[in-house]
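A.B. asks: Sharing a structure with you now.
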Amino acid sequence: MDEFNKKKVVVIGAGPAGLTAGAELTKTGRFNLNILEKDNQVGGLSKTITYNGCKFDIGPHHFLTHSKKVELWWKKVMEGESKENNFVQLKRFTRIYYKSHFFHYPLQALDAILGLGLIEGFLCVFSYVKIRFFPIKNVKSFQDWVTNKFGYRLFSIFFKTYSEKVWGIPCTEISSDWASERIKGFSLSKAIFYAFFGKFARKSAPRTLADIFYYPELGAGTLWQRVADNIIQDNKNSKICLNEKVIQIKHNKNSLKSILTYNLSPRVCPTKKLNEYNADFFFSTMPLRDLILSLDPLPEEFIINAAKKLSYRGLITVNFIVNKKNICPDHWLYIHEKTVRMGRVGNMNNFSLKMIDAKDHTSLSLEYFAFVDDDLWNKTDGQLLELGKVELEKIGLVEKDLILDGMILREREAYPVYDKNYKESLNIVKNYLSKFNNLYLMGRNGLHKYDGMDAVMISAFDRVETFLGNVDRENIFFAGHVKRERIKFIKLKG
Ligand SMILES: Cc1cc2nc3c(=O)[nH]c(=O)nc-3n(C[C@H](O)[C@H](O)[C@H](O)COP(=O)(O)OP(=O)(O)OC[C@H]3O[C@@H](n4cnc5c(N)ncnc54)[C@H](O)[C@@H]3O)c2cc1C
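Under numbering that gives the first Met the number 0, the residues of the sequence shown are numbered 0 to 493, in order.
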């Protein structure tokens with residue numbers, strides 16, 4: 000028995016990052032672990048909801064990584080699943096809807112020319128050549144970055160409307176960081192090269208164009224539910240406490256001491272019950288803004304103000320069960336059309352036919368983006384369902400009468416916003432938090448980093464390794480960015 004046996008660890012959040020850290024800590028068998036989750040199920044943004052016999056992700060989640068470690072981890076987890084829930088490989092099919100035309104994504108040369116028309120095609124090439132000769136020198140915004148890569152014309156067709164729907168701010172106010180993280184390694188010349196020669200060179204394609212991914216047949220969230228089940232089965236000292244919302248974090252000058260939660264379980268309402276969790280070490284995936292505002296005592300005012308400036312974009316999914324099959328061949332349809340508010344449609348059937356209740360039905364998930372004080376966010380479920388129906392009919396995808404049923408899901412903090420000033424606020428918050436020697440930050444909102452499941456898992460591996468390796472040292476907080484592995488594109492077995 001070593002000195003760390005029975006040390007208490009609390010992990011805030013049972014999304015992919017929290018569960019990955021929880022699983023890695025449980026493997027050591029050395030800690031008393033409590034994972035605190037405010038939701039009534041695990042998985043965070045990567046969960047799957049069942050509604051009237053149909054299953055919906057929060058926007059379909061595909062499993063794609065360049066990290067061998069992550070890929071093997073997923074596969075090992077899925078080995079524990081029943082035969083009904085295979086981890087299947089799928090070939091991505093995605094299109095962009097713009098001006099009543101469906102453009103293949105990644106671009107296909109002939110399709111793009113036919114869709115845009117010869118004159119528009121010529122203007123796009125002209126604007127691309129122009130920017131190559133006269134690039135924007137002082138690149139600050141998302142608009143500058145993408146325009147330099149593709150030319151203004153293509154930017155305005157294929158990036159502007161969708162990005163502004165997602166972020167709710169003009170592209171001139173979105174930081175160029177988002178573009179460099181999202182579309183890194185991707186350029187018009189590459190897009191055109193893969194449009195013509197993609198079939199021969201898929202293995203070297205950048206991630207943005209990768210077309211093979213994994214999916215658990217019963218929904219993305221089932222992988223995370225399996226991770227949670229394993230954590231509990233593997234060690235009786237590990238617990239996952241659902242409906243526990245962290246509302247207060249007590250600390251002294253240099254270390255966190257305990258956490259107070261509201262129990263949100265319907266059985267406990269209307270009087271919310273407070274629970275207290277003491278611990279020696281804390282891992283957090285909750286939004287940084289909320290973490291700072293939960294501290295007791297609160298930090299100085301300028302730190303509180305910086306935290307309040309970190310903002311989050313909410314996501315509403317309008318989920319429909321449709322009395323029709325083969326609605327569209329796409330996994331995702333990106334809606335670049337300005338005349339409708341939806342940003343993306345996910346077709347769950349094309350991920351797995353086990354997501355639907357009857358073989359003649361289709362489950363569709365429409366994504367709408369909004370800040371929580373927007374008019375859209377504050378519409379009733381009934382109004383949102385009606386909006387979804389009208390817009391599906393408007394783009395010619397589904398007639399209203401074919402929609403059998405629907406439900407609304409809302410996620411308040413789906414996207415950490417990269418506005419022009421976020422970095423300054425983030426640095427203030429990070430500097431302040433680095434004084435706590437028993438706090439480890441990880442995950443998407445825990446680091447305020449627009450990351451997918453694989454990257455948040457890497458952040459969790461990183462924190463746990465740092466924790467286990469440096470537990471003797473005085474300062475065990477690692478405030479750096481997610482250290483991504485040097486990655487190679489993995490050849491997937493078909
Ligand atoms: C529409 C959409 C589509 C996506 N598609 C993909 C995809 O195809 N592939 C991919 O790899 N990634 C995708 N992602 C990203 C993926 O969802 C995230 O990377 C991942 O879920 C982040 O995991 P996390 O654990 O860091 O955070 P989260 O998933 O947000 O989990 C954090 C958890 O913490 C809990 N929590 C927060 N505050 C508190 C509190 N105060 N007390 C207790 N609990 C709290 C939350 O309830 C949540 O369960 C998508 C995201 C969105 C929004």
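Glycine included, each C-beta is placed from N, C-alpha and C at the ideal position.
Output the boundary residues of the beta strand (DSSP E) element that contains Pro415.
C.D. replies: Here the question's residue 415 lines up with position 416 in the sequence shown. Residues 402 to 415.
A.B. asks: Can you grab the Cα-Cα spacing for the pair Met0 / Tyr214, in whole Å?
C.D. replies: Numbered from 1 along the sequence shown, position 1 holds the residue referred to as residue 0. Numbered from 1 along the sequence shown, position 215 holds the residue referred to as residue 214. Because Met0 sits at a pLDDT of 46, beneath the cut-off of 50, its placement in the model cannot be relied upon, and the point is left open.
A.B. asks: Can you tell me whether Val9 is helix, strand or coil according to DSSP?
C.D. replies: Working through the sequence shown from its first residue, we reach residue 9 at position 10. Val9 falls in the strand class under three-state DSSP.
A.B. asks: Are there any heavy atoms of ligand 1 lying less than 7 Å away from the beta-carbon of Arg409, as far as the coordinates show?
C.D. replies: If you number the sequence shown from 1, residue 409 lands on position 410. No, the Cβ of Arg409 stays beyond 7 Å of every heavy atom of ligand 1.
A.B. asks: In terms of residue numbering, what span does the beta strand (DSSP E) encompassing Ile315 cover?
C.D. replies: Here residue 315 is taken as the residue at index 316 of the sequence shown, counted from 1. Boundaries of the beta strand (DSSP E) harbouring Ile315: 311 to 321, taken from the DSSP string.
A.B. asks: So what does DSSP say about Tyr151, is it helix, strand or coil?
C.D. replies: Mapped onto the sequence shown, residue 151 falls at position 152. Correct three-state label for Tyr151: helix.
A.B. asks: Mark Ile118 as exposed unless 16 or more other C-beta atoms lie within 10 angstroms of its C-beta, in which case mark it buried.
C.D. replies: Residue 118 sits at position 119 when you count from the first residue of the sequence shown. Exposed: under 16 other Cβ atoms inside 10 Å.
A.B. asks: If you follow the alpha helix (DSSP H) that Lys337 is part of, which residue opens it and which one closes it?
C.D. replies: Locating residue 337 in the sequence shown gives position 338, where the first residue counts as 1. Segment: none, Lys337 is in no alpha helix (DSSP H) and carries neither H nor E.
A.B. asks: Considering only C-alpha positions, which residue in the set Asn426, Asp233, Gly58 is nearest to Gly313?
C.D. replies: Counted from its first residue, the sequence shown places residue 313 at position 314. Measuring from the Cα of Gly313, the nearest candidate turns out to be Gly58.
A.B. asks: Would you kindly check if the distance between the Cβ of Leu255 and the Cβ of Phe435 is under 8 Å?
C.D. replies: Translated into the one-based positions of the sequence shown, residue 435 becomes position 436. Translated into the one-based positions of the sequence shown, residue 255 becomes position 256. Yes, they are a contact pair.
A.B. asks: Would a C-beta distance cut-off of 8 Å place Ala13 and Ala227 closer than the cut-off?
C.D. replies: For this step, residue 13 is matched to residue 14 along the sequence shown. For this step, residue 227 is matched to residue 228 along the sequence shown. Going by C-beta atoms, Ala13 is nearer than 8 Å to Ala227.
A.B. asks: My assumption, with CB atoms under 8 Å, is that Thr498 sits in contact with Leu32. Please give the rounded CB distance.
C.D. replies: Nothing in the structure corresponds to residue 498, since the chain is present only between 0 and 493.
A.B. asks: Contact between the region 389 to 399 and the region 299 to 308 is defined here as three or more beta-carbon pairs at a separation below 8 Å; is this criterion met?
C.D. replies: no
A.B. asks: Please classify Glu398: does DSSP put it in a helix, a strand, or coil?
C.D. replies: For the purposes of this step, residue 398 is taken as the residue at position 399 of the sequence shown. DSSP places Glu398 in coil when its eight states are reduced to three.
A.B. asks: Which full runs of the beta strand (DSSP E) of 3+ residues lie inside the region 93 to 147, going along the chain?
C.D. replies: 93 to 97, 100 to 104
A.B. asks: Could you check if Asp461 is buried or exposed, using at least 16 other CB atoms within 10 Å of its CB as the buried criterion?
C.D. replies: Position 462 of the sequence shown, counted from the start, is the residue given in the question as residue 461. So Asp461 ends up on the buried side.
A.B. asks: If I'm right that Lys244 touches Leu263 with Cβ under 8 Å, what's the distance once you round it to whole angstroms?
C.D. replies: In the sequence shown, residue 244 corresponds to position 245, counting from 1. In the sequence shown, residue 263 corresponds to position 264, counting from 1. Confirmed, about 5 Å.
A.B. asks: Can you tell me whether Phe125 is buried or exposed? The criterion is at least 16 other CB atoms within 10 Å of its CB, across all chains shown.
C.D. replies: Along the sequence shown, one-based indexing puts residue 125 at 126. Flag for Phe125 reads exposed.
A.B. asks: Mapping DSSP to helix, strand and coil, what is Pro15?
C.D. replies: The residue you call residue 15 lines up with position 16 of the sequence shown. Pro15: helix per DSSP, three-state reduction.
A.B. asks: Any chance you could list the beta strand (DSSP E) runs of at least 3 consecutive residues sitting entirely within the region 201 to 280, in chain order?
C.D. replies: 211 to 215, 237 to 240, 243 to 250, 255 to 262, 272 to 277
A.B. asks: In the DSSP assignment, what residue or residues form a beta bridge with Ser362?
C.D. replies: On the sequence shown, residue 362 is found 363 positions in, with the first residue counted as 1. Answer is Ile320.
A.B. asks: Per the DSSP calculation, Cys327 is bridged to which residue(s)?
C.D. replies: Counting from 1 along the sequence shown, the entry for residue 327 is found at position 328. In the DSSP output, where bridge partners are listed per residue, Cys327 has none listed.
A.B. asks: Can you find a CB in chain C that lies within less than 8 Å of the CB of Lys159?
C.D. replies: Considering every chain present, this structure includes no chain C. It has just one protein chain.
A.B. asks: Whose C-alpha, out of Gln247, Leu113, Leu352, Gly116, is nearest the C-alpha of Glu83?
C.D. replies: Within the sequence shown, residue 83 is the residue found at index 84, counting from 1. If we check each option's Cα against that of Glu83, Leu352 comes out closest.
A.B. asks: I need the straight-line Cα distance from Val496 to Ser458, nearest angstrom please.
C.D. replies: This structure does not reach residue 496, given that the chain is present from 0 up to 493, and the question cannot be answered.
A.B. asks: Got a sec? Which residues, its chain only, sit under 7 Å from Pro286 by beta carbon, not counting five neighbours each side?
C.D. replies: Within the sequence shown, the letter at position 287 stands for residue 286. Its chain contains Tyr311, Glu412, Asn444 as the residues whose beta carbon lies nearer than 7 Å to that of Pro286, once the 5 sequence neighbours on both sides are disregarded; these appear in chain order.
A.B. asks: For Val69, I'd like the list of residues in its chain whose CB is within less than 6 Å of its CB, leaving aside the five on either flank, ordered along the chain.
C.D. replies: Numbered from 1 along the sequence shown, position 70 holds the residue referred to as residue 69. Closer than 6 Å at the Cβ level, and outside the excluded window around Val69, lie Asp453, Met456.
A.B. asks: Gln88 lies in the beta strand (DSSP E); which residues open and close that run?
C.D. replies: For the purposes of this step, residue 88 is taken as the residue at position 89 of the sequence shown. Where Gln88 is concerned, the enclosing beta strand (DSSP E) stretches over 86 to 90.
A.B. asks: If distances are taken between C-alpha atoms only, which option among Asn253, Leu383, His335, Ala306 comes closest to Thr316?
C.D. replies: What you label residue 316 is simply residue 317 of the sequence shown in a count that begins at 1. With distances taken between Cα atoms, Thr316 lies closest to Leu383.
A.B. asks: Taking one C-beta from the region 64 to 80 and one from the region 349 to 367 each time, how about it: are there three or more such pairs within less than 8 Å?
C.D. replies: The region 64 to 80 vs the region 349 to 367: no contact.
A.B. asks: Quick check on Val371: does DSSP put it in helix, strand or coil?
C.D. replies: As a position in the sequence shown, residue 371 is number 372, starting the count at 1. Three-state DSSP puts Val371 in coil, outside helix and strand.
A.B. asks: According to DSSP, simplified to helix, strand and coil, what is Val344?
C.D. replies: Numbered from 1 along the sequence shown, position 345 holds the residue referred to as residue 344. Looking at Val344 - three-state DSSP - the assignment turns out to be strand.
A.B. asks: At what residues does the beta strand (DSSP E) containing Tyr161 begin and finish?
C.D. replies: Counting from one through the sequence shown, the residue named residue 161 turns up at place 162. Tyr161 -> not in any beta strand (DSSP E); alpha helix (DSSP H) instead, spanning 160 to 166.
A.B. asks: Leaving aside the five residues before and after Thr221 along the sequence, list all residues of the same chain whose C-beta is less than 8 Å from its C-beta, in chain order.
C.D. replies: As a first step, residue 221 must be located in the sequence shown, where it is residue number 222. If we look at Thr221 and ignore the five residues flanking it on each side, its Cβ neighbours are Thr47, Glu80, Asn84, Pro215.
A.B. asks: For the beta strand (DSSP E) that contains Phe30, what are its first and last residues?
C.D. replies: Within the sequence shown, numbered from 1, the residue matching residue 30 stands at position 31. Counted as a single uninterrupted DSSP element, the beta strand (DSSP E) harbouring Phe30 occupies residues 30 to 35.
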